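In terms of numbering that gives the first Met the number 0, the sequence shown has 177 at position 178, counting the first letter as 1, and numbering is strictly consecutive. Backbone N, C-alpha and C define an ideal beta-carbon position, used for all residues, glycine too. All values reported here derive from a predicted model rather than from experimental measurement. Written below as structure tokens is the structure these notes are about.
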Amino acid sequence: MDISVANGNVAEHRTDALIVNLFQGVTSPGGATGAVDHSLGGLISHLISEGEIKGKAGELTLIHTPDTAYRNFGPSRVLIAGLGEAGVFDLASIRALSAEVVRRLERSGVRRAATILHGAGVAGLEPTACAEAIAEGAVLGGYRFDKYKTTSNEDADPRLQKLEIVEGDVAKIGAIKTGIRRGVTFAGAACLARDMVNEPANMFPPSRMAAVATDVASNGGMKIKVFEKDEVQAMGMGAYLGVAAGSAQPLKFIHITYDGDPANADNHIWFLGKGVTFDSGGISIKPADGMGDMKGDMGGGAAVIGAMQAIASFKPKINVHAVVAATENMPGGAAQRPGDVVRAMNGRYIEVENTDAEGRLTLADAICYAKSKGANRIVDVATLTGAARIALGNGNAAAFSNDDMLMEQLLAAARKRGEHFWRLPLDPVSKRQNHSKVADMKNTGGRPAGSITGAHFIGEFAGNTPWVHLDIAALNLVDSARGVNVPGATGVSTRTLVQLAMDLAG
Ligand code: BES
Ligand code: ZN
Ligand code: MN
């Protein structure tokens with residue numbers, strides 16, 4: 000989708016569909032919507048008075064404006080988008096609305112549309128931020144993963160090809176352009192993550208994940224190192240190696256480096272992502288129902304790689320590292336067994352009580368590696384536990400931290416991007432559940448507080464290093480379209496990580 004800005008009068012603009020808006024409770028629209036209403040002889044006000052249009056959040060009303068009836072009116076259709084109540088309206092509303100609008104227009108076969116700058120009217124938001132939210136929402140909401148549908152075509156499945164933001168005030172054009180570029184970059188990073196998560200596991204083994212990471216690094220002028228199994232063995236990553244042992248696909252340990260502040264070697268942040276390209280459970284095999292979703296068990300790794308693409312483009316003044324210990328978790332003949340004891344890179348022994356608690360094993364060694372390279376701030380992102388959904392449902396991903404400041408910075412970044420995380424405690428009572436009779440710890444803590452014990456396990460390796468753990472298991476995939484999400488991968492956390500890097504850079 001091409002998103003651009005056009006300077007001119009909306010009512011005269013030639014396009015297939017013009018998008019205007021309305022707050023809930025407004026009976027006579029002002030601003031750009033009012034101008035369009037006027038050009039249409041009061042048609043919009045009429046539909047409001049008839050109760051057809053209420054301005055509720057997400058309400059979309061499509062009207063046709065044929066040349067015969069409206070001679071001097073440019074657009075052939077007008078879509079009136081409800082903004083909801085003014086008191087709760089924000090950038091997240093604009094993103095969600097823009098996403099819904101794109102899907103609505105595509106259902107009607109509209110290929111070219113123009114929109115007014117939502118939020119810049121009575122809501123008084125900055126033009127740059129409004130344009131950014133429109134672009135970000137449009138790209139995210141119009142995302143599709145259809146590369147394996149060879150028979151789909153433009154006629155059966157039309158795409159919106161062009162979206163223009165029409166602005167009458169020439170002084171705002173530059174700001175709008177900047178916003179569009181930012182929104183497209185943020186959304187593009189999340190869509191790259193979505194692509195990886197949506198890929199089936201046979202098409203996307205660890206070697207493919209490493210190949211995508213290599214492309215992202217070279218396109219963004221970043222360094223990358225992909226460690227092979229022998230190097231991982233030499234570094235002593237026994238926990239990660241144990242997970243990879245049952246798979247015929249070679250593991251790939253991926254490390255991308257963005258040098259945004261080379262003069263300040265201590266100014267860095269490390270993003271670690273769980274990269275299990277398929278989680279069968281291993282010998283502690285999962286039930287067949289829903290196992291296919293485990294092709295998405297590299298959602299955390301996809302988020303950190305996707306984030307690097309946007310970071311390379313924005314160039315914040317901070318050094319950013321992305322690490323993904325990519326592997327499958329399979330029950331092959333060489334697979335690790337329940338009861339096995341493995342040795343992590345830091346020398347700690349772990350009893351593998353359940354081979355399906357594999358994400359924390361891979362992350363344990365990823366954290367050891369990051370710390371061995373001097374990491375002083377770590378954020379890990381992982382589809383770690385089904386228990387995260389039991390605790391929080393589908394509205395929030397779980398967040399954990401040993402550092403209030405880093406946690407606050409992350410939550411603030413997430414709020415700016417409209418992503419939802421909820422902090423859960425790392426209480427000492429739950430921590431005891433990871434106690435092992437035979438090793439330093441075991442990799443499962445039983446049913447109660449399953450997300451907390453998973454976080455505690457990883458936290459053992461983070462130690463005193465400021466660290467945030469995001470358990471995105473509940474939000475990685477959705478089954479219906481809503482707001483910026485479409486069925487399949489969400490790319491959750493990607494935009495938050497990008498925002499965090501920008502915020503930390505100041
Ligand atoms: N990848 C899963 C967690 C998961 C579940 C992600 C559902 C997305 C949707 C993880 O590796 C896992 O299997 N966790 C176990 C942990 C248990 C064995 C302690 C779980 O959640 O049951
Ligand atoms: Zn897993
Ligand atoms: Mn598992």
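Which term fits residue 149, buried or exposed, when burial requires 16 or more other beta carbons within 10 angstroms of its beta carbon?
Taking the sequence shown and counting its residues from 1, one reaches residue 149 at position 150. Flag for residue 149 reads exposed.
Cβ neighbour criterion (16 or more within 10 Å) applied to residue 479
Within the sequence shown, the letter at position 480 stands for residue 479. So residue 479 counts as exposed.
Could you give the distance in angstroms between the alpha-carbon of residue 456 and the alpha-carbon of residue 430?
In the sequence shown, counting from the first residue as 1, residue 456 sits at position 457. In the sequence shown, counting from the first residue as 1, residue 430 sits at position 431. If I take the Cα positions, the gap works out to 8 Å.
Give me the residue from 1, 375 and 307 with the minimum Cα distance to residue 223.
By one-based count along the sequence shown, residue 223 stands at place 224. Ranking the options by Cα distance to residue 223, first place goes to 307.
For residue 416 versus residue 481, is the C-beta distance shorter than 8 Å?
Start at 1 with the first residue of the sequence shown, and residue 416 comes out as number 417. Start at 1 with the first residue of the sequence shown, and residue 481 comes out as number 482. No, they are not a contact pair.
Alpha helix (DSSP H) containing residue 197: first to last residue?
Indexing the sequence shown from 1 puts residue 197 at position 198. From DSSP, the alpha helix (DSSP H) with residue 197 extends over 172-197.
Beta-carbon spacing of residue 281, residue 363 below 8 Å:
Mapped onto the sequence shown, residue 281 falls at position 282. Mapped onto the sequence shown, residue 363 falls at position 364. No, the pair does not count as a contact, with Cβ atoms beyond the cut-off.
Count the CB pairs spanning the region 307-321 and the region 390-410 that are closer than 8 Å, and state whether there are at least three.
no
Does the beta carbon of residue 357 fall short of 7 Å from some heavy atom of the ligand ZN?
For the purposes of this step, residue 357 is taken as the residue at position 358 of the sequence shown. Checking the Cβ of residue 357 against the ligand ZN gives yes.
For the ligand BES, I want to know if residue 396 counts as a neighbour, meaning its beta carbon is within less than 7 Å of at least one of the ligand's heavy atoms.
For this step, residue 396 is matched to residue 397 along the sequence shown. Residue 396: no, Cβ never under 7 Å from the ligand BES.
So what's residue 276 in DSSP terms, helix, strand or just coil?
Mapped onto the sequence shown, residue 276 falls at position 277. Three-state result, residue 276: strand.
Only counting the same chain, and skipping five residues up and downstream in sequence, which positions put a Cβ closer than 7 Å to that of residue 459?
Taking the sequence shown and counting its residues from 1, the one referred to as residue 459 is at position 460. Result list for residue 459: 440, in chain order.
Please determine whether the Cβ atom of residue 196 lies at a distance below 7 Å from any heavy atom of the ligand ZN.
Here residue 196 corresponds to residue number 197 of the sequence shown, with the count starting at 1. No, the Cβ of residue 196 stays beyond 7 Å of every heavy atom of the ligand ZN.
Output the boundary residues of the alpha helix (DSSP H) element that contains residue 37.
What you label residue 37 is simply residue 38 of the sequence shown in a count that begins at 1. 30-38 is the span of the alpha helix (DSSP H), which, as asked, contains residue 37.
Just checking residue 280 against the ligand MN - is the residue's beta carbon closer than 7 Å to any of the ligand's heavy atoms?
By 1-based counting over the sequence shown, the position of residue 280 is 281. Yes - the ligand MN has a heavy atom lying nearer than 7 Å to the Cβ of residue 280.
What do you get for residue 147, buried or exposed, if any count of 16 or more other CB atoms within 10 angstroms of its CB means buried?
Residue numbering aside, residue 147 sits at position 148 when the sequence shown is read from its first letter. It counts as exposed.
Nearest chain C C-beta to residue 458 closer than 8 Å, yes or no?
Among the chains of the structure shown, chain C does not appear; only one protein chain is present.
Determine the direct distance from the alpha carbon of residue 272 to that of residue 398, and round the result to whole angstroms.
Locating residue 398 in the sequence shown gives position 399, counting from the first residue. Locating residue 272 in the sequence shown gives position 273, counting from the first residue. Residue 398 and residue 272: Cα-Cα distance of roughly 14 Å.
Taking 7 Å as the line, does the beta carbon of residue 364 fall inside it for any heavy atom of the ligand BES?
Counting from one through the sequence shown, the residue named residue 364 turns up at place 365. Every heavy atom of the ligand BES is 7 Å or more from the Cβ of residue 364, so no.
Does the region 330-346 come within contact of the region 238-256, defined as at least 3 CB pairs closer than 8 Å?
yes
Hey, could you find the ends of the beta strand (DSSP E) residue 77 is sitting in?
Within the sequence shown, the letter at position 78 stands for residue 77. Looking at the DSSP string, the run of the beta strand (DSSP E) that includes residue 77 is 76-83.
Output needed for residue 179: all residues of its chain with C-beta closer than 6 Å, excluding positions within five of it in sequence on either side, in chain order.
Taking the first residue of the sequence shown as position 1, residue 179 is located at position 180. Excluding positions up to five away in sequence, the list reads 2, 130 and 134.
Taking 7 Å as the cut-off, is the CB of residue 244 close to at least one heavy atom of the ligand BES?
As a working mapping, residue 244 is identified with position 245 in the sequence shown. For the ligand BES, not one heavy atom lies less than 7 Å from the Cβ of residue 244.
If you draw a straight line from the C-alpha of residue 394 to the C-alpha of residue 69, how long is it?
Translated into the one-based positions of the sequence shown, residue 394 becomes position 395. Translated into the one-based positions of the sequence shown, residue 69 becomes position 70. If I take the Cα positions, the gap works out to 45 Å.
Close beta carbons around residue 453, own chain, < 6 Å, minus the five adjacent residues each side
The residue you call residue 453 lines up with position 454 of the sequence shown. So the list reads 359, 383 and 384, once near-sequence residues are dropped.
If you measure from the CB of residue 296, is any heavy atom of the ligand ZN nearer than 7 Å?
Residue 296 sits at position 297 when you count from the first residue of the sequence shown. For the ligand ZN, at least one heavy atom lies less than 7 Å from the Cβ of residue 296.
Have a look at the DSSP bridge pairing and note the partners of residue 440.
Here residue 440 is taken as the residue at index 441 of the sequence shown, counted from 1. 349.
Please state whether DSSP places residue 3 in a helix, a strand or coil.
Locating residue 3 in the sequence shown gives position 4, counting from the first residue. In the structure shown, residue 3 sits in a strand (DSSP, three-state: E or B).
Which residues mark the beginning and the end of the beta strand (DSSP E) in which residue 96 is found?
Your numbering for residue 96 matches position 97 in the sequence shown. Note, residue 96: premise wrong, no beta strand (DSSP E); alpha helix (DSSP H) at 90-106.
Endpoints, alpha helix (DSSP H) assigned at residue 389:
By one-based count along the sequence shown, residue 389 stands at place 390. Where residue 389 is concerned, the enclosing alpha helix (DSSP H) stretches over 386-391.
Straight-line gap, residue 18 to residue 93 (C-alpha atoms, nearest Å)
Here the question's residue 18 lines up with position 19 in the sequence shown. Here the question's residue 93 lines up with position 94 in the sequence shown. Between residue 18 and residue 93, the C-alpha separation is close to 12 Å.
Proximity test, residue 477 beta-carbon vs the ligand ZN heavy atom, cut-off 7 Å
The count along the sequence shown starts at 1 and reaches residue 477 at position 478. Flag unset: Cβ of residue 477 not near the ligand ZN.
Extent of the continuous alpha helix (DSSP H) to which residue 310 belongs
Mapped onto the sequence shown, residue 310 falls at position 311. Its alpha helix (DSSP H) spans residues 298-313.
Under 7 Å Cβ to Cβ from residue 231, same chain only, skipping five residues before and after it: list those, please.
For this step, residue 231 is matched to residue 232 along the sequence shown. So the list reads 239, 240, 250 and 252, once near-sequence residues are dropped.
Only counting the same chain, and skipping five residues up and downstream in sequence, which positions put a Cβ closer than 7 Å to that of residue 101?
As a working note, residue 101 is residue 102 in the sequence shown. Closer than 7 Å at Cβ, skipping near neighbours: 137, 140, 141 and 159.
Contact belief for residue 438 with residue 319 at Cβ below 8 Å, rounded distance in angstroms:
Locating residue 438 in the sequence shown gives position 439, where the first residue counts as 1. Locating residue 319 in the sequence shown gives position 320, where the first residue counts as 1. Wrong, their Cβ atoms sit about 34 Å apart, outside the cutoff.
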